[in-house]
Structures are given as C-alpha cells and as structure tokens.
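> Going down the list, the protein sequences come from chains A and B.
Residue 160 is where the first sequence starts when you use the numbering used here, and the numbers rise one by one after that.
Residue 160 is where the second sequence starts when you use the numbering used here, and the numbers rise one by one after that.
Here it is, the structure, as structure tokens.
Number of protein chains: 2
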Amino acid sequence: MPKLVDPGERRREVAEAIFRVARRDGLEHASLRAVAAEAGLAIGSVRHYFDGQADLMIFAMRYFAERAGARILAAVGQLRTPDTDAPPAEHVAALERLLAEILPLDDRRREEAEVWLAFTTSARTRPDLRRHALEMFDELAWMIDTLLAAADGLGALRPGLDLHAERIRLNALLDGLTMHSVLQPDRVGPPELAEALRHHIAELSAVPPEGPLPL
Amino acid sequence: MPKLVDPGERRREVAEAIFRVARRDGLEHASLRAVAAEAGLAIGSVRHYFDGQADLMIFAMRYFAERAGARILAAVGQLRTPDTDAPPAEHVAALERLLAEILPLDDRRREEAEVWLAFTTSARTRPDLRRHALEMFDELAWMIDTLLAAADGLGALRPGLDLHAERIRLNALLDGLTMHSVLQPDRVGPPELAEALRHHIAELSAVPPEGPLPL
DNA sequence: TCCAACGTAGCACGGGTGTGCTATAAAGCA
DNA sequence: TGCTTTATAGCACACCCGTGCTACGTTGGA
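Here is the structure:
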C-alpha cells in the first residue's frame, strides 16, 4: 500500500480544509470538490475517509466543537484552583482574562469565530448539526456560570447579584460582540471588544479592574 | 395583456417568499425554483420581474433593510418629542419599550429576526449584500446612539456614562440576545430577553424601571 | 377588429454536486 | 516473489441550478 497514513489525522486535515472554505466562501460552498481542492486531494481520496458529504460535515462540526470544548475546560480549570488569599482585584482580573479568551482578539481567534458563526447559524436549518450547536451553546453557558459562581464565592463580585440572569446577559454580550466583530470588523475591532468586556466585568465586580486591556 | 399587476407589489410578494424559504431551509436554498414554488408562481414568471437570481437576492435584502430602517426611524421619532416635564422614570420606561421593539418577543418579530440573521451572516461572504448589511448595522447603531443621547439629555441616565461605549455594549447585547433567541429558542425565550433588557437598562438608569416586562 | 403589450409558462443547455463503481500504484506480509 | 491491503484517482450518472430563448394566452388601446 502507499505510505501508510493516520486516518484520524487525515480526517482532521480535511476538516481544517472545510474551515478555510467556510471562512472564505461560506459553509454552503463547502462541497466535496471544493473541500478536496482546498485540502490538495482528489475528490475520491476525500471520499475514502468519509461516507459522504453529510458525514464530512458532521465530523467537521463535531471536531470543531470538541476543540472549543477542550479549550473551555482548560480555561475553567485555571479558576478552579484559585489563591483564596489573593485580593479580590486579582480574581476580577482572572475572570476578565479567562472571558477574553472567548473573544476574537487576535487573528487566530477571529478565524475560529468565523467558523463558529458559520456552523452555529447553519445548524438552525440542519437537523444533523443542531445537536452539536446546542452542545457548544450549553458548554459556553456552563463555563460562564462556573466562572461567575467561582468569582462570587471568592467575594470578587458585587453582593446580591442574580447570577443566573447575569450569565444570560454576559453570554449574549460575548456572543454579540463576537458576531459584530466577525460581521463588521470595521465597526467592532479588538479595542472595542476588550473595552466592552472590561466595562461589563467592572459593573459586576466589587472592586475596579486593574492592568492593561487584554488585547 | 392579462389582468394588469402592480410590478412593485409582485416583487415584494416574491421577496416575502424568499423570507419564508430562508426561515424554513436557509438562505442557501432560496433558488429561483424554490422561491417560485413558494410564491405559487412559475419560474418564468419570477424571472419576468427580476433579471436573475442575484438581482432577486439583492432586492429582497434591500426590501428587508428598508422595512427595518423605517421601523427604526418611527421608533426614534417617538422619543424625539418627549414630555420634558415627565419624571425620569417615564423616560426610562420609554427607552426600554423602544429597545424592546428590536427583540424577537413575539412570533412576528421572531420571524423577522430569523431572516435578519440569515441575510446579515450570509452577507459576510457575498460582496453584493455586504453594503446592505452594513447599512442595517449602522442604522441600528444610530438608533441606539440617538435613544441613549435623548434619555441622557432628559436626565434619565446615570451621570458620567461613556455613551459611545455604552452604545457598543448595548448594541452587542441586543444582537446577541436576538441571535440566541433565534438559534436556541429553548434556552433563551421572550422572558429571558425582556428580563435581560430590563436589567441592563436599570443599570444605565438614574431611577429603577417600572411597570410590567415588555413581552 | 386587429394588433401590440404584458403576464405566464416552459424547453434546453451548460455547469456544479453527491454518489456508486471501477482502476491503478504502492507497500506490507506470506 | 506473489498476494493482499490501502491510498489515490477518476468515470458516469442523476439531480438541481441559473439562464437564454421561445411560445402562448389575455387584455388594453387604435
């Protein structure tokens, strides 16, 4: 046989090709032919690793959701072992820093946000993708819930907050900022993102934030 | 000739058919054939009113943007002639009420939000639609700017606010809530929308809001 | 009454797409 | 060496798409 290839690695490479096509032309143009060309493969080769276009699409979104989920888990893990003796201002800064990971503040995260928006909006009318869109939504909601609860437990937040309502609001704010930055980058760029997040966290916090904006 | 038809009215009817297809199947399935079938017309008839598929698409988005813009203008007009003797609480309530017009709180506005999301996300990779997406964005931003400035001028807002930064944040919050309500209606429904808006306006206001939630 | 204008309808063509199926070269294994 | 497995590649078909073009009623005006 030809030089043995790790099938999982190949599948992931093809998925990355889908991401590039989706960013450049939109997910609706991610045909087998277009993706194969983007990956530098023949259409028959791609089909050797996927049952068909639907299978390819589902794998790509699941792969994307898994990567995003892993990053969220890692971020939450960072606040799970806090220094309980540190002053509240440091906890506020940590909360702001972890939430800034979600925003498209650099090119890498902006590319990811473009793919995220393509998949998550497309899933509305694609039953086979909806499941993964819901997973991504719930995972981010859980992350924000967890971070807010942790910060509140450390006394970093204003007393008397309705944490559930604040999660819904912060969740919408973060995704709204991300959407605006993806769709209208001339209007909402990294400075606006960082400023909006800092301002919002400051309103939730018991102490004002410190340090530079997390660009 | 057959019973004379108002061409403008026909074009608008076809545009409404596009909206229905976009909501049900996604904008990428709004082909000439699908739209004609949805409108109850033959494909040749649709082509009698449009130069082609691109022309149809552009008209539909412009028609949508014009309707949305007209509604925004009307809403702003309501706050343009305020009762300067009224207490600040009434101005806060008016601000909340006008902004609630943007949110998908009932079926009609939810349908509009679905179409809006389809067009505005699709425009990212469609140069001929980008212009109208930017217009819609700027119009909403202008509305929020205007409403915040008016409310502030009437003493309804907390003193010392950075109105520009607050506009960016409120804009992202509103569009983020709308997107969540469209994509995950089981997670974010009308009660969550109304509550989040009320809570946010309350934080901006000099006085607490009154009255029932604007469902 | 006749004709020109208009609304409606549809054929036919080239192009893109997913998929069933086949072919071939390369490399591991006996 | 010879056989099998694997990766790659591509043909062929049916389907959907936009569009150029033609055809045919229907209705208003001369």
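For each residue, glycine too, the CB sits at the ideal point set by N, CA and C.
Given the structure is predicted, the values throughout are model-derived calculations rather than measurements.
1. Taking C-alpha atoms, which residue in ASP304(B), VAL194(B), ASP334(B) and GLY185(B) lies nearest to ALA324(B)?
2. What's the C-alpha gap between ALA227(B) and VAL194(B)?
3. Do ALA353(A) and LEU316(A) come within 8 angstroms of each other at the CB atom, strictly closer than that value?
4. Taking the runs of the alpha helix (DSSP H) that are 4 residues or longer, which of them lie wholly in the region 213–280 of chain B?
5. Could you name the residues of the region 346–358 of chain B whose beta carbon sits closer than 8 angstroms to any beta carbon of chain A, in the order they occur along the chain?
6. Once DSSP output is grouped into helix, strand and coil, what is the label at SER340(B)?
7. Quick check: the region 230–243 of chain A against the region 343–363 of chain A, are there 3 or more CB pairs under 8 angstroms?
8. Name, going along the chain, the residues of the region 292–316 of chain A whose beta-carbon falls closer than 9 angstroms to a beta-carbon of chain B.
9. Does the contact criterion of 3 or more C-beta pairs under 8 angstroms hold for the region 193–208 of chain A versus the region 256–267 of chain A?
10. Which residue from GLU294(B), ARG192(B) and ASP242(B) puts its Cα closest to that of LEU313(B)?
11. How is the alpha helix (DSSP H) around LEU288(B) delimited, first residue to last?
12. Rounding to the nearest angstrom, what Cα-Cα distance links LEU372(A) and LEU257(B) in this structure?
13. Tell me the DSSP bridge mates of LEU316(B)?
14. Where does ARG346(A) sit, in a helix, a strand or coil, going by DSSP?
15. For MET338(A) and chain B, any beta-carbon pair shorter than 8 angstroms?
16. Step through the CB atoms of chain B and report whether any lies within less than 8 angstroms of the CB of SER364(A).
17. If you measure between the beta carbons of LEU306(B) and LEU254(B), is that distance less than 8 angstroms?
18. With LEU186(A) and PHE278(A) assumed to form a contact (beta carbons below 8 angstroms), what rounded beta-carbon distance in angstroms separates them?
19. Compute the distance between the beta-carbons of ALA245(A) and GLY370(A), then report whether it is under 8 angstroms.
Taking the coordinates as given:
1. As a first step, residue 324(B) must be located in the second sequence, where it is residue number 165. Comparing Cα positions, the closest option is ASP304(B).
2. Taking the second sequence and counting its residues from 1, the one referred to as residue 227(B) is at position 68. Taking the second sequence and counting its residues from 1, the one referred to as residue 194(B) is at position 35. Computed Cα separation, rounded: 22 angstroms.
3. Within the first sequence, residue 316(A) is the residue found at index 157, counting from 1. Within the first sequence, residue 353(A) is the residue found at index 194, counting from 1. No, Cβ-Cβ distance for LEU316(A) and ALA353(A) is not below 8 angstroms.
4. Counting whole runs of 4 or more residues, the region 213–280 of chain B contains the alpha helix (DSSP H) stretches 247–259.
5. ARG346, VAL347, GLU351, GLU354, ALA355 and HIS358
6. For the purposes of this step, residue 340(B) is taken as residue 181 along the second sequence, with counting starting at 1. If DSSP states are grouped into helix, strand and coil, SER340(B) belongs with the helices.
7. no
8. Contact annotation: in the region 292–316 of chain A, residues whose CB is within less than 9 angstroms of a CB in chain B are ALA292, LEU293, PHE296, ASP297 and ALA300.
9. no
10. In the second sequence, residue 313(B) corresponds to position 154, counting from 1. Measuring from the Cα of LEU313(B), the nearest candidate turns out to be ASP242(B).
11. Position 129 of the second sequence, counting from 1, holds the residue named residue 288(B). Bounds of the alpha helix (DSSP H) holding LEU288(B) are 286–312.
12. Counting from 1 along the first sequence, the entry for residue 372(A) is found at position 213. Counting from 1 along the second sequence, the entry for residue 257(B) is found at position 98. In this structure, the CA atom of LEU372(A) is about 33 angstroms from the CA atom of LEU257(B).
13. The count along the second sequence starts at 1 and reaches residue 316(B) at position 157. For LEU316(B), which the question treats as bridged, DSSP gives the partners SER364(B).
14. For the purposes of this step, residue 346(A) is identified with residue 187 of the first sequence, where counting begins at 1. Here ARG346(A) sits in coil by DSSP.
15. In the first sequence, counting from the first residue as 1, residue 338(A) sits at position 179. Closer than 8 angstroms to some Cβ of chain B, the Cβ of MET338(A) qualifies, so yes.
16. Position 205 of the first sequence, counting from 1, holds the residue named residue 364(A). SER364(A) does not count as touching chain B.
17. What you label residue 306(B) is simply residue 147 of the second sequence in a count that begins at 1. What you label residue 254(B) is simply residue 95 of the second sequence in a count that begins at 1. Their beta carbons are under 8 angstroms apart, which means LEU306(B) touches LEU254(B) by this criterion.
18. Position 27 of the first sequence, counted from the first residue, corresponds to residue 186(A). Position 119 of the first sequence, counted from the first residue, corresponds to residue 278(A). Going by Cβ atoms, the distance from LEU186(A) to PHE278(A) rounds to 7 angstroms, so yes, they are a contact pair.
19. Within the first sequence, the letter at position 86 stands for residue 245(A). Within the first sequence, the letter at position 211 stands for residue 370(A). No. Outside cutoff.
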